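Enquirer: Quick one: structure below, then a few questions.
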Ligand code: IPE
Ligand code: IPE
Ligand code: MG
């Protein structure tokens, strides 16, 4: 039987520092509630963790850091919390864009951005342009992002670019679809981290996480610091990434 052609056949690099780290930053609300503070206080503290983790990843040589900031499902939250999250996003972009450039961090924002108001969309475009030449680390913020949205928008864009494909569905393979995914510029994540204790993907990068190592921690996002990141990296370095093979087939086996 010939192997099914899958992009997961190609991935083999392993090292102690993951090249691409994707994080669901969860637990802001519970962090605040435990301190008898409004949930919004947790989101504000969460921004400090973002700054800390971006810098720590840069120092460790991570090339891509992807943070889930707002899901397509988060619109279901109370209007006051949604608008606070939007204001926080605006304020953070205004305050941090220069600092990102100084740190050689390229900012990219993925998601259905048409849902945001003009001011926020302009700020996103400005911050992306300001940092477009930066190379050390690519920081992707997933905002109004959903994994299912991503697959659907990629499918639509692929068919719009080549309408004849619809008549030849056998030609639609992973290589045809993946360039249209929102994060086509990045390799698939090596390490996924979810803080806050839940063990679910919550419609994050569902296509791209096919062979990612999944790490869950009870630590709430506002408490997630450099040493918590190192614990996740140390766990990651112990994983044997086999991608369907046996241990004995891996490079270095038997040494
Ligand atoms: C994650 O923290 C931040 C966003 C979803 C924007 P939560 O707000 O989900 O915090 P918990 O899960 O309620 O504690
Ligand atoms: C996932 O967190 C989305 C973000 C962190 C932006 P949620 O807290 O919204 O996830 P669920 O709905 O509890 O799974
Ligand atoms: Mg949550």
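In our numbering, the protein residues as written are -18 to 236. We treat Cβ as the ideally placed atom computed from N, Cα and C, and that holds for glycine. Computed from a predicted model, the values in this text were never measured in an experiment.
1. Could you tell me the alpha carbon to alpha carbon distance between residue 21 and residue 123, rounded to whole angstroms?
2. Closer than 7 Å by C-beta to residue 227: which residues in its own chain qualify, once you throw out the five before and the five after it? Chain order, please.
3. According to DSSP, is residue 31 part of a helix, a strand, or is it coil?
4. Find the nearest neighbour of residue 106 within the set 90, 120 and 171, judged by alpha-carbon distance.
5. Measure the alpha-carbon distance for residue -8 versus residue 51 and round it to whole angstroms.
6. Quick check on residue 56: buried or exposed, where buried means 16 or more other Cβ atoms within 10 Å of its Cβ?
7. In terms of residues, what are the limits of the beta strand (DSSP E) holding residue 4?
8. Any heavy atom of ligand 3 inside 7 Å of the beta-carbon of residue 199?
9. At a threshold of 7 Å, does residue 56 count as lining ligand 1 (C-beta to nearest heavy atom)?
10. Which term fits residue 178, buried or exposed, when burial requires 16 or more other beta carbons within 10 angstroms of its beta carbon?
11. Return yes when the Cβ of residue 186 is within less than 8 Å of the Cβ of residue 3, no when it is not.
12. Within the present structure, is the beta-carbon of residue 293 separated from the nearest heavy atom of ligand 2 by less than 7 Å?
13. Check the C-beta distance from residue -1 over to residue 211 and give it rounded, since I have them as a contact under 8 Å.
14. Compare the beta carbon distance of residue 120 and residue 88 with 8 Å and say whether it is the shorter of the two.
15. Residues in its own chain within less than 6 Å of residue 220 by CB, not counting five upstream and five downstream?
16. Does DSSP put residue 169 in a helix, in a strand, or in coil?
17. Tell me the start and end of each unbroken alpha helix (DSSP H) in the segment 203 to 234 that is at least 4 residues and wholly inside, in chain order.
Expert: On the basis of the supplied data:
1. Rounded to whole angstroms, the gap between the alpha carbons of residue 21 and residue 123 is 19 Å.
2. So the list is empty, once near-sequence residues are dropped.
3. Helix at residue 31.
4. It is 90 whose Cα lies nearest to the Cα of residue 106.
5. Caution applies to residue -8, whose pLDDT of 47 falls short of 50 and renders its modelled position unreliable; the value that the coordinates give is listed next. Each residue's alpha carbon lies about 29 Å from the other.
6. Exposed.
7. Residues 1 to 5.
8. Because no heavy atom of ligand 3 lies under 7 Å away, the Cβ of residue 199 does not count as near it: no.
9. Checking every heavy atom of ligand 1 against the Cβ of residue 56, none is found closer than 7 Å.
10. Exposed, by the Cβ-count rule.
11. Yes.
12. Residue 293 lies beyond the residue range present for the chain, which begins at -18 and ends at 236; the question has no answer from this structure.
13. Going by Cβ atoms, the distance from residue -1 to residue 211 rounds to 12 Å, so no, they are not a contact pair.
14. Contact flag set, yes.
15. Once the five neighbours on either side are set aside, the close Cβ partners of residue 220 are 194.
16. Coil, per DSSP.
17. Within the segment 203 to 234, the complete alpha helix (DSSP H) runs of at least 4 residues are 207 to 219.
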